Structure formats: structure tokens, C-alpha cells
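> For the sequence shown, the positions run 1 to 388 when this note's numbering is used.
Note that beta-carbon positions come from the ideal geometry of N, C-alpha and C, so glycine has one too.
Model, not experiment: these values are computed from the prediction.
Once you've had a glance at the structure underneath, I'll fire off some questions.
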Amino acid sequence: MITDSEELDTGVDDVIRFENVVKRYGRHHSPAVTDLTFSVRRGELVALVGPSGCGKSTILRMVNRLVEPSGGRIVVDGRDTTHVDAVTLRRGIGYVIQAGGLLPHRTIRRNVATVPRLLGWDPAAQARRVDTLLDLVGLDPATYGDRYPAQLSGGQQQRVGVARALAADPPVLLMDEPFGAVDPVVRDRLQNEFRRIQTDLRKTVLFVTHDLDEAVRIADRIAVFSGGGVLEQLADPQTLLSAPASEFVVEFVGSDRGLRRLAVTPVRAEDLAKPLVLAPEDGAAYAATALDVDRGDVAVVLDRGQVAGWVPRGRLREAARSRDGRVRDVVRPFTATVPDRADLRTAFSALLAQDAPLLPVLDERGGYVGALTADVVHTALRRGVGNT
Ligand code: ADP
1 MITDSEELDT GVDDVIRFEN VVKRYGRHHS PAVTDLTFSV RRGELVALVG PSGCGKSTIL
61 RMVNRLVEPS GGRIVVDGRD TTHVDAVTLR RGIGYVIQAG GLLPHRTIRR NVATVPRLLG
121 WDPAAQARRV DTLLDLVGLD PATYGDRYPA QLSGGQQQRV GVARALAADP PVLLMDEPFG
181 AVDPVVRDRL QNEFRRIQTD LRKTVLFVTH DLDEAVRIAD RIAVFSGGGV LEQLADPQTL
241 LSAPASEFVV EFVGSDRGLR RLAVTPVRAE DLAKPLVLAP EDGAAYAATA LDVDRGDVAV
301 VLDRGQVAGW VPRGRLREAA RSRDGRVRDV VRPFTATVPD RADLRTAFSA LLAQDAPLLP
361 VLDERGGYVG ALTADVVHTA LRRGVGNT
């Protein structure tokens with residue numbers, strides 16, 4: 001319950017708010033964090049990125065008071081954190097660190113139950129909660145619950161770290177390079193799983209990473225910091241990559257930001273190519289002429305609304321030499337299709353993996369919507385905000 005009147009001024013749905021926060025580690029040091037003001041909204045995941053030493057961990061650790069600010073204030077769920085007992089504060093905030101930060105001499109069960117036990121939950125409730133959470137992070141409680149951390153792989157330990165942070169169902173999660181210690185394949189899987197969990201749970205999350213691609217993949221908004229904890233830009237991934245706000249951000253997101261944007265740009269029906277559509281029973285001679293008129297190199301073949309394949313111009317011409325040649329004689333199957341909700345990265349990579357120079361895009365019911373081509377990818381990327 002909020003009792004302190006000065007703490008009633010949140011109004012908006014900000015769950016974590018930094019107000020003019022400053023951190024100096026010593027009187028003679030330059031600040032690690034300089035006059036920082038920004039908020040994280042309820043259910044939002046904000047990733048903090050920037051070069052090593054720019055203050056990301058410091059910013060994160062001030063939220064649960066592992067580091068005390070030198071100035072300004074941090075408000076969590078409407079309460080100035082300095083007015084809350086630090087231990088109580090930490091129990092209400094999930095914290096995930098690299099390699100899980102598990103206690104090596106405690107079983108997985110005991111590790112996950114750490115906060116519920118401190119909060120005095122009864123043992124049966126603790127056990128139920130542990131089972132639920134291990135299931136949630138994809139570990140079978142019966143198999144892994146009684147093992148010790150060293151008996152698990154790095155990726156599994158990291159999952160346990162996430163389960164432990166979620167144990168008492170805190171509204172806020174702080175994650176400090178949580179997937180930094182595992183190899184890229186495992187990291188990819190953990191990111192996807194965490195995204196799925198976050199879609200369900202909608203925690204308010206601050207997430208530190210040095211990996212911009214990771215931030216682009218999982219964050220709702222990304223905060224880019226330069227040295228001294230200076231906030232250069234706070235924006236959704238799409239905007240950050242297409243309209244970097246300063247020279248520093250341009251430099252940080254890199255010259256390949258166009259490639260990164262693929263992952264955050266959706267396939268849009270209105271951008272898709274509309275090549276000539278043929279039916280399998282169409283005559284090859286007719287089809288070849290129609291393709292000439294269309295000035296296309298390939299046509300899509302639809303059989304009663306379903307994608308049957310594609311034909312290149314040369315093959316149609318060959319088939320047209322025989323008097324009763326049909327499209328069906330030369331149609332080639334597509335090896336892949338994509339749903340119209342896919343992102344451009346997924347779609348482009350499917351396009352590159354097949355022979356056809358186009359990729360059919362299907363709606364929810366499997367109906368043909370249009371075709372993705374390299375030109376379409378280019379157009380879609382060039383649209384968007386501030387194409388510099
Ligand atoms: P990042 O997480 O972005 O790598 P940090 O927050 O760890 O950055 O560090 C920011 C700056 O503060 C760095 O210059 C670092 O050396 C300094 N720093 C961090 N922790 C301490 C500490 N406990 N004592 C003194 N300086 C520190």
C-alpha cells in the first residue's frame with residue numbers, strides 16, 4: 001500500500017523510473033552514470049546496450065540497491081527505492097545474472113525455492129512452485145530437481161537462474177547479461193524461450209546485454225548508452241536501426257544495421273510482388289505469351305487457390321514447342337513458403353535457400369497472398385523511418 005504522499009505522483013504506467021540519477025564510485029572519479037532520466041512501462045522489456053564500461057550494470061544494480069545512487073532517485077512501482085528496506089526490495093525484484101549465479105552446494109530445487117523460502121511459504125507451496133517453474137523453463141523437475149548445478153550444462157543452469165528469479169512472481173526482473181556465458185546456438189534457443197515466457201508473463205524487465213542482435217531480438221525498446229552512463233537514444237528496435245539519433249548510435253549499431261533491420265521488419269502484403277499466376281492445366285503456349293506480356297521471368301502456379309509451384313520462362317517456352325504442352329508438365333515445387341506474419345529475416349533466408357527467385361507468402365489459411373523477391377526486401381527496408 002502506498003502511504004507516502006510524495007510517492008503518489010507516478011500517474012502513468014511506469015514501473016521503473018530513473019529521475020536525474022547520478023552515480024560516482026569515488027569523489028575523484030568521473031561519473032559512471034550521468035543525470036539519467038527514463039522509464040520502463042509495465043510489461044515492457046527494455047534492453048540496455050553500449051560499450052563495455054559505459055555503466056549498464058551500474059544502472060541495473062541501482063534498481064535493487066546493490067549499488068546506491070549518488071544523486072537523483074529511482075522509483076519502482078510507485079515507491080522511491082531508498083524508502084524501502086533494501087532486503088525487502090530485493091525479494092520483490094527478480095535478478096538473473098550470467099551463468100545463473102546458482103549456489104553450487106544446493107540442489108536445483110533449493111536454488112529455485114530461495115526467495116519463496118525466505119518469504120516463509122509453506123514447504124508444499126514451495127515444492128509446487130518449483131515444479132511449475134522448472135516446467136516453464138523446459139526442465140523436467142523429476143529429472144533435474146535433485147541434481148546440483150555442476151551436473152547441469154551452462155544453458156540448463158541459465159534456465160534455472162531464470163526460474164529462480166521468477167519464483168516469487170515478482171513484477172520486475174533485472175537481467176544482467178543472462179545469456180552471455182553460453183554458446184551461440186544455446187543462446188539462440190534461450191532467447192526464443194525467454195521471449196515465449198515473457199509473452200505470457202509480461203514482466204517489467206531491464207535487460208543488460210553487449211549483444212545488439214540479442215537486444216533487437218528480444219527488446220520492446222532499446223536504450224543505447226555512451227561512456228559515463230549517458231543515454232544516447234531510447235527507441236524501439238525498428239526506429240533505433242532506421243533512425244539512429246546521434247553519431248554515437250550510428251557508430252554503435254554499425255554499418256550492417258540494414259541487415260539487423262530485417263529481423264524487426266514485418267513482411268507486408270502491400271509490398272509483395274504480384275507475378276503472373278497460372279493454372280496447371282493452362283496451355284504452355286498461352287502461358288509463355290502471357291508471361292511475355294507480363295514482362296516477367298517466372299510465374300506462380302496456383303491449383304484451386306493453393307500454391308502448386310513456379311515456372312521459369314525458359315521451361316515454358318520449351319513446353320510450348322509441343323502442341324499440347326501444359327503448365328503442369330514444367331511446374332516446379334517451391335521448397336519453402338512463409339506466413340504473412342513472418343519477419344523479413346526469416347522470409348529472406350527462406351528465399352535464399354531455394355532455387356526459385358521468389359517465395360510465396362501465405363495467409364493464415366494457407367491462401368496465396370503474393371511473392372517475396374529480393375526487390376521486395378529492398379523496398380520494405382528502404383521504406384521506414386529516415387532512410388539514411
Ligand atoms: P558496463 O556494465 O557497461 O560494462 P559498469 O556499470 O560495470 O559498466 O561500469 C561503469 C564504470 O564504473 C566503469 O568505468 C567501471 O570501471 C566503474 N565501476 C563499476 N563498478 C565499480 C566499483 N565497484 N568501484 C569503482 N568503479 C566501478
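1. Please list the segments of the beta strand (DSSP E) lying wholly inside the region 181-237, counting only runs of 3 or more residues, in order along the chain.
2. Who are the Cβ neighbours of alanine 319 in its own chain at under 6 Å, not counting the five residues just before and after it?
3. So what does DSSP say about lysine 56, is it helix, strand or coil?
4. What is the rounded straight-line gap between the Cα of proline 170 and the Cα of aspartate 80?
5. Taking the alpha-carbon of glutamine 417 as reference, which of Asp303, Ile74, Asp213 and Thr204 has the nearest alpha-carbon?
6. For valine 22, which option in Val230, Arg345 and Ala86 has the closest C-alpha, if you only look at C-alpha atoms?
7. For aspartate 343 and arginine 268, I'd like the C-alpha separation in whole angstroms.
8. On a CA-only basis, which of Leu133, Val87 and Val376 is nearest leucine 66? Give me that one, please.
9. How far does the alpha helix (DSSP H) with glutamate 318 in it reach, from first residue to last?
10. Can you look up aspartate 14 in the DSSP assignment and give me helix, strand or coil?
11. I'd like to confirm something about glycine 53: is its beta-carbon nearer than 6 Å to some heavy atom of the ligand ADP, or not?
12. Quick one, are the C-beta atoms of alanine 181 and alanine 47 less than 7 Å apart?
13. Identify, in the order they occur along the chain, each residue of the same chain with its Cβ nearer than 7 Å to the Cβ of lysine 56, setting aside the five sequence neighbours on each side.
14. Is glycine 386 helix, strand or coil by DSSP?
15. Express the C-alpha separation of phenylalanine 252 and proline 275 in angstroms, rounding to a whole number.
16. Output needed for asparagine 64: all residues of its chain with C-beta closer than 7 Å, excluding positions within five of it in sequence on either side, in chain order.
17. Considering only DSSP beta bridges, list what glutamine 306 is partnered with.
18. Could you give the uninterrupted runs of the beta strand (DSSP E) lying entirely in the region 16-85, keeping only those of 3 residues or more?
19. Can you tell me the Cα-Cα spacing of glutamine 409 and glycine 367, whole angstroms?
20. With respect to 6 Å, is the separation between the Cβ of serine 226 and the closest non-hydrogen atom of the ligand ADP below this value?
21. For the ligand ADP, I want to know if tyrosine 368 counts as a neighbour, meaning its beta carbon is within less than 6 Å of at least one of the ligand's heavy atoms.
22. Please confirm whether any heavy atom of the ligand ADP lies closer than 6 Å to the CB of lysine 56.
23. Isoleucine 93 bridges to which residues according to DSSP?
24. Check proline 266 in the structure and name its three-state DSSP category.
25. What are the boundary residues of the beta strand (DSSP E) that tyrosine 368 is part of?
26. What is the residue span of the alpha helix (DSSP H) that leucine 351 lies within?
27. Using a threshold of 7 Å, state whether the C-beta atoms of arginine 17 and valine 75 are closer than that.
28. Answer yes or no: the CB of tyrosine 95 versus the heavy atoms of the ligand ADP, is any distance below 6 Å?
29. Who are glycine 283's beta bridge partners in DSSP?
30. Quick check on DSSP: helix, strand or coil for histidine 378?
31. At the level of alpha carbons, what is the spacing between alanine 142 and glutamate 44?
32. Here's the rule: buried if 16 or more other CB atoms are within 10 angstroms of the residue's CB, otherwise exposed. What is proline 149?
33. If you drop the 5 nearest sequence neighbours on each side, which residues of the same chain put their C-beta closer than 6 Å to that of threonine 335?
34. Please indicate yes or no: does the CB of tyrosine 25 lie closer than 6 Å to some heavy atom of the ligand ADP?
35. Look at the alpha carbon of aspartate 236 and the alpha carbon of arginine 304, and state the distance between them as a whole number of angstroms.
36. Quick check on serine 30 - is its C-beta less than 7 Å from some C-beta in chain D?
Taking the definition as stated:
1. 204-208, 221-226 and 230-235
2. Ala284, Gly325, Asp329 and Val330
3. helix
4. 17 Å
5. In the structure as shown, the chain starts at 1 and stops at 388, and residue 417 therefore has no counterpart that could be examined.
6. Val230
7. 9 Å
8. Val87
9. 313-320
10. strand
11. yes
12. no
13. Leu48, Gly50, Val208 and Phe225
14. Per-residue confidence for glycine 386 stands at a pLDDT of 46, beneath the threshold of 50, marking its modelled position as unreliable; the derived number appears in the next sentence. Glycine 386 falls in the coil class under three-state DSSP.
15. 39 Å
16. Leu89, Arg90, Ile93, Tyr95 and Leu174
17. Asp303
18. 33-41, 45-49 and 71-76
19. It is not possible to answer for residue 409, since the shown part of the chain is limited to 1 through 388.
20. no
21. no
22. yes
23. Val172
24. strand
25. 368-372
26. 344-352
27. yes
28. no
29. Arg326
30. helix
31. 33 Å
32. buried
33. Gln354
34. yes
35. 41 Å
36. The structure shown has no chain D; it contains just one protein chain.
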